[in-house]
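From first to last, the protein sequence lines are chains A and B. The first sequence maps to residues 74 to 239 in our numbering. The second sequence maps to residues 74 to 239 in our numbering. Each residue gets a CB set at the ideal place from its N, CA and C atoms; glycine is no exception. Worksheet for the structure shown next.
Protein chains: 2
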Amino acid sequence: MENSNNQTKENVTTILTPDELLKHWQGHRTLTRRVIELFPEKEFFTYKIGGMRTFAEMTMELIGIAAPGMKEIVIGNTEKLREDFDHGGKKSAILELWDKSTEEINSYWEQLETKDFSREMKLFGEYDGTVMSFILYFIDNEVHHRGQGYVYLRTLNIEPPFFWER
Amino acid sequence: MENSNNQTKENVTTILTPDELLKHWQGHRTLTRRVIELFPEKEFFTYKIGGMRTFAEMTMELIGIAAPGMKEIVIGNTEKLREDFDHGGKKSAILELWDKSTEEINSYWEQLETKDFSREMKLFGEYDGTVMSFILYFIDNEVHHRGQGYVYLRTLNIEPPFFWER
Numbered sequence: 074m075e076n077s078n079n080q081t082k083e084n085v086t087t088i089l090t091p092d093e094l095l096k097h098w099q100g101h102r103t104l105t106r107r108v109i110e111l112f113p114e115k116e117f118f119t120y121k122i123g124g125m126r127t128f129a130e131m132t133m134e135l136i137g138i139a140a141p142g143m144k145e146i147v148i149g150n151t152e153k154l155r156e157d158f159d160h161g162g163k164k165s166a167i168l169e170l171w172d173k174s175t176e177e178i179n180s181y182w183e184q185l186e187t188k189d190f191s192r193e194m195k196l197f198g199e200y201d202g203t204v205m206s207f208i209l210y211f212i213d214n215e216v217h218h219r220g221q222g223y224v225y226l227r228t229l230n231i232e233p234p235f236f237w238e239r
Numbered sequence: 074m075e076n077s078n079n080q081t082k083e084n085v086t087t088i089l090t091p092d093e094l095l096k097h098w099q100g101h102r103t104l105t106r107r108v109i110e111l112f113p114e115k116e117f118f119t120y121k122i123g124g125m126r127t128f129a130e131m132t133m134e135l136i137g138i139a140a141p142g143m144k145e146i147v148i149g150n151t152e153k154l155r156e157d158f159d160h161g162g163k164k165s166a167i168l169e170l171w172d173k174s175t176e177e178i179n180s181y182w183e184q185l186e187t188k189d190f191s192r193e194m195k196l197f198g199e200y201d202g203t204v205m206s207f208i209l210y211f212i213d214n215e216v217h218h219r220g221q222g223y224v225y226l227r228t229l230n231i232e233p234p235f236f237w238e239r
C-alpha cells in the first residue's frame, strides 16, 4: 500500500503515499538549499527588511523544526524547540546542518507506518495535532519562509531559482 | 475510505483523505484572503519591491490557477492559463472572484474520486503531471506567494496574520 507503483486504478485507496510525501518534502528542501546557496555569505547573516529576521535565522528555524520534529514523532522524546545553532558566521556550517537534517529525516521516515500519520500528539511540548498535520506544517512553513527568501534575493538583485525546480 | 472518522488504527490505508486535503487547501485560502484584506486598497494594486509583481497580480495568478485548474481536472476542458481579471482597481472585485473560486473549488472537488488523484494529464495545455501533483502545486504556489505578501505587508508596516491561523 505504501508504493503507488503496486496500485492499479481499480484498487486505489489513497491519494498520497508516505513515499510520495517524503519525496515531495525533500524536493522542497532541495529547492530551499539552493536559495540558501544563492545568498551572499554576508547578506545571509545580516540582510533583512520590514523588521523581519535574516534568512539565516529563518533557515535555523527550519533546521530546528524538521529533523528534531521527525525525531520526536518517531522516538517520542520531547525537547524544547531550538532555533539557534552554532555557525561561526559561515554559510557552509548551516548547509552542513541542512544536509545532516536531510539524512535524519530520511532515516526517521523509514520508521513511520501509515497508521502513525493519524496519531495525535503534542509536539515540542507545546503544539497539539496529528502527525500528518505537523508534517504538512513543516512543509508549508518552509515554503512560506522560502517565499520570503525569494523577496530578499530579488531586493539584493539576485535571481532566485524557478519555483518548480526541485 | 474518504472519511478518516470511519477508520480504526488497524485498517488505516491512507495518510490523507480527499476531504482532509480540501480542508487543508481551503484553510490556506482563508488565510490568503485575510492577507488580501489587510492590504490598503491602493498598495494592493501598486506596491511592489525587488522588481516583483504587485500582490494584486500575484493574487490574480492564484485565481487564474485554482478554480480553472480544478475545472480542467474534473471537466477536462483545456483553456489557456489566465492571470488577469477585470477589477476596476477595486479590492472588493478581487475578493468577489476569490470567494467565487472558493465555491467552485468545493463544487468541482465533490466530483473527484480517490482514483482520480493519480491520473496523469496535461494542464492548461502546457504542464504534465498527476492530478495530485497539480493540487499540491496549487497549494504550494499559494503559500509561496502569500509568504511574499507577508514581506510586502511588513515593509508597509502592517502586521500580517499568524501563519497558523486558517
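So, are the CB atoms of A/ASP157 and A/MET131 less than 7 Å apart? A/MET131 sits away from A/ASP157, with the two beta carbons spaced by 7 Å or more.
Can you name the residues of chain B whose CB is closer than 7 Å to the CB of A/LEU94? Within chain B, ILE88 have C-beta atoms less than 7 Å from the C-beta of A/LEU94, given in sequence order.
Partner residues on chain B for A/PRO91, Cβ-Cβ distance less than 9 Å: Simply ILE88.
Going by Cα to Cα distance, which pick from A/LEU95, A/PRO141 and A/ASP159 is closest to A/THR151? It is A/PRO141.
Check whether the region 181-192 of chain B and the region 203-216 of chain B touch, using three or more Cβ-Cβ pairs below 8 Å as the test. Judged by pairs of C-beta atoms under 8 Å, the region 181-192 of chain B touches the region 203-216 of chain B, as three or more such pairs exist.
Measure the beta-carbon distance from A/THR127 to A/GLU215 and round it to whole angstroms, keeping in mind my assumption that it falls under 8 Å. Between A/THR127 and A/GLU215 the beta-carbon gap is near 16 Å, outside 8 Å, which marks them as no contact.
Taking the straight line between their C-alpha atoms, what separation do you get for B/LEU170 and A/THR187? Their Cα atoms are separated by approximately 38 Å.
Who pairs with A/THR203 in a beta bridge, going by DSSP? For A/THR203, which the question treats as bridged, DSSP gives the partners A/GLU193.
Proximal residues of chain A, C-beta to C-beta of B/LYS173 below 7 Å: By Cβ distance, chain A contributes nothing, its closest Cβ being about 25 Å from B/LYS173, past 7 Å.
Roughly how many angstroms separate the alpha carbons of B/ARG227 and B/PHE236, rounded to a whole number? Taking the Cα positions, B/ARG227 is about 14 Å away from B/PHE236.
Determine the chain B residues that contact A/MET205 at a beta-carbon separation under 9 Å, and present them in chain order. Listed along chain B are ILE88, LEU89 and GLU93, each with a C-beta nearer than 9 Å to that of A/MET205.
Through-space distance from B/LEU94 to A/LYS163, alpha-carbon basis: Going from the Cα of A/LYS163 to the Cα of B/LEU94 covers about 39 Å.
Which of helix, strand or coil DSSP assigns to B/THR175: Correct three-state label for B/THR175: helix.
In the region 217-239 of chain B, which residues sit with their C-beta less than 9 Å from some C-beta in chain A, listed in chain order? Flagged, chain order: HIS217, HIS218, ARG219, GLY220, GLN221, GLY222, TYR223, VAL224, TYR225, LEU226, ARG227, THR228, LEU229, ASN230, PHE236 and TRP237.
Quick check on A/THR87: buried or exposed, where buried means 16 or more other Cβ atoms within 10 Å of its Cβ? A/THR87 comes out buried.
Going by CA-CA distance only, name the one from A/VAL147, A/ILE136, A/GLU145 and A/MET143 that's closest to A/ARG155. A check of alpha carbon separations from A/ARG155 across A/VAL147, A/ILE136, A/GLU145 and A/MET143 identifies A/ILE136 as the nearest.
Contact set for B/ASN78: own chain, Cβ-Cβ below 8 Å, skip 5 residues either direction: Because the pLDDT at B/ASN78 is just 49, under 50, the model does not fix this residue reliably, and the point stays unresolved.
Which residues in chain B sit within 9 Å of A/MET125, going by Cβ to Cβ distance? What A/MET125 touches in chain B: TYR223, VAL224, ARG227 and THR228.
Work out the CA separation of A/LEU168 and A/THR103 for me, nearest whole Å. Roughly 11 Å between the two C-alpha positions.
Which residues bound the alpha helix (DSSP H) around A/PHE118? According to the DSSP assignment, A/PHE118 belongs to the alpha helix (DSSP H) that extends over 114-119.
One question on the structure: do A/GLY220 and B/GLN184 come within less than 7 Å of each other, judged by their Cβ atoms? Taking C-beta atoms as the reference points, A/GLY220 and B/GLN184 fail to come closer than 7 Å.
Contacts that A/GLU213 makes with chain B (C-beta to C-beta distance below 7 Å): A quick correction: the sequence has Asp, not Glu, at residue 213 of chain A. Annotation: Cβ neighbours of A/ASP213 in chain B (cutoff 7 Å, chain order): VAL216.
Does A/PHE112 come within less than 7 Å of chain B when only Cβ atoms are used? Answer no: the Cβ-Cβ gap between A/PHE112 and chain B never drops below 7 Å.
Neighbourhood of A/GLU177 by C-beta, 6 Å cutoff - its chain only, sequence neighbours within 5 removed: Beyond the five residues adjoining it in sequence on each side, A/GLU177 comes within less than 6 Å, by CB distance, of ALA140 in the same chain, given in chain order.
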